[in-house]
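**Student:** Would you mind keeping the following structure in view while I ask a few things?
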Amino acid sequence: MKENLRSNSSLERFAKETSIPENYLKLLKREVNNLLPTPIKFSDIPNISEKIVKQLNNLEIVDTENLFPHINEPESRQKFKKISGLSMDEILWLTKLVDVLRIKWVGPKLARLIVDTEYDTVKKLADGTPLEVLKAFNEAKQTHKAYQGLLGINDIESWIHEVVVKTPLVIVY
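Residues in the sequence shown are numbered from 145 upward in steps of one, following the working numbering.
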């Protein structure tokens, strides 16, 4: 379905083939795009190891979407370890990065901040109390300097309760 909605020409063709109104398909395309996480290039992640980026690039893995099938399950990570030359610690770190980047409104800098805390997965964030999460974020901001945006308790509380808890748990640890 996503492929049929990708471009205007494929959307028009799909509308003709299925007799589904084109305006409906355009609306559906917007909704689908809102649900799917935006692929983030690893070169945009602050303070990521050049070695990791180089090894991923050698495998033609340039963003989170390309990496996802290699890290979403323990068995996949084991296979990826053999072909990538990355350590299991590096792969697990990348797994957590991909996981939190699926959360709405999380970009490269905030994702880097999140994985530098003990709340480094969607599940841990969803289960965390806003005050403890904010405390961990503020400590990581001081230590790693990757994210310097303002974070308040009300922002964290509403983000966790309205966004994080609704993010599907699709990565198996």
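Every residue, glycine too, gets a C-beta built ideally from N, C-alpha and C.
Quick check on Lys289: does DSSP put it in helix, strand or coil?
**Tutor:** Stepping through the sequence shown from its first residue, residue 289 is reached at position 145. The answer is coil: DSSP assigns Lys289 none of H, G, I, E or B.
**Student:** Report the three-state DSSP secondary structure of Lys185 (helix, strand or coil).
**Tutor:** For the purposes of this step, residue 185 is identified with residue 41 of the sequence shown, where counting begins at 1. Reduced to three states, the DSSP call for Lys185 is strand.
**Student:** Distance check for Glu156 and Val242, CA to CA, integer angstroms please.
**Tutor:** Counting from one through the sequence shown, the residue named residue 242 turns up at place 98. Counting from one through the sequence shown, the residue named residue 156 turns up at place 12. Roughly 33 Å separates the two Cα atoms.
**Student:** Using a Cβ-Cβ cutoff of less than 8 Å, which residues in the same chain neighbour Pro213 once the five nearest sequence positions on both sides are dropped?
**Tutor:** Counting from one through the sequence shown, the residue named residue 213 turns up at place 69. Hits under 8 Å: Ser220.
**Student:** Keeping to the same chain, check which residues put their C-beta closer than 8 Å to that of Val206; ignore five residues upstream and five downstream.
**Tutor:** Taking the sequence shown and counting its residues from 1, the one referred to as residue 206 is at position 62. So the qualifying residues of the chain are Lys185, Phe186, Ser187, Leu200.
**Student:** Leu254 and Pro181: beta carbons closer than 8 Å?
**Tutor:** Stepping through the sequence shown from its first residue, residue 254 is reached at position 110. Stepping through the sequence shown from its first residue, residue 181 is reached at position 37. In this structure, Leu254 sits away from Pro181, with a CB-CB distance that is not shorter than 8 Å.
**Student:** If you draw a straight line from the alpha carbon of Leu203 to that of Ile227, how long is it in whole angstroms?
**Tutor:** Within the sequence shown, the letter at position 59 stands for residue 203. Within the sequence shown, the letter at position 83 stands for residue 227. If you take the alpha carbons of Leu203 and Ile227, they lie about 9 Å apart.
**Student:** Between Val266 and Lys240, what straight-line distance do the alpha-carbon atoms span, to the nearest angstrom?
**Tutor:** Position 122 of the sequence shown, counted from the first residue, corresponds to residue 266. Position 96 of the sequence shown, counted from the first residue, corresponds to residue 240. Answer to the nearest angstrom: the Cα atoms are 8 Å apart.
**Student:** Determine the closest residue to Leu313 out of Glu217, Asn148, Leu169, Pro165, with distance taken between C-alpha atoms.
**Tutor:** Within the sequence shown, residue 313 is the residue found at index 169, counting from 1. For Leu313, the nearest C-alpha among the options comes from Glu217.
**Student:** Which parts of the segment 152-215 are runs of the alpha helix (DSSP H), unbroken and 4 residues or longer, counting only runs that do not cross its ends?
**Tutor:** Entirely contained in the segment 152-215, the alpha helix (DSSP H) runs reaching 4 residues are, in chain order, 152-162, 166-179, 194-202, 208-215.
**Student:** Note down, in chain order, each residue of its chain lying with its Cβ closer than 8 Å to the Cβ of Val259, except the 5 sequence neighbours on either side.
**Tutor:** As a position in the sequence shown, residue 259 is number 115, starting the count at 1. Correct list, in chain order: Trp237, Lys240, Leu241, Val244.
**Student:** If you measure between the beta carbons of Ile235 and Ile215, is that distance less than 8 Å?
**Tutor:** Position 91 of the sequence shown, counting from 1, holds the residue named residue 235. Position 71 of the sequence shown, counting from 1, holds the residue named residue 215. Closer than 8 Å, so yes.
**Student:** State the DSSP-derived secondary structure class of Asp264, mapped to helix, strand or coil.
**Tutor:** Taking the first residue of the sequence shown as 1, we reach residue 264 at position 120. Coil.
**Student:** Could you tell me which of Met232, Asn148, Gln292 sits nearest to Gly251, measuring between CA atoms?
**Tutor:** Reading the sequence shown from its first residue, position 107 is the one you call residue 251. Considering only alpha carbons, the answer is Gln292.
**Student:** Using 10 angstroms around the beta-carbon of Ile189, count the other beta-carbons present and answer buried if the total reaches 16, otherwise exposed.
**Tutor:** Counting from 1 along the sequence shown, the entry for residue 189 is found at position 45. With 16 or more other CB atoms across the displayed protein chains lying within 10 angstroms of its CB, Ile189 is buried.
**Student:** So, helix, strand or coil for Ile297, using DSSP?
**Tutor:** What you label residue 297 is simply residue 153 of the sequence shown in a count that begins at 1. Correct three-state label for Ile297: helix.
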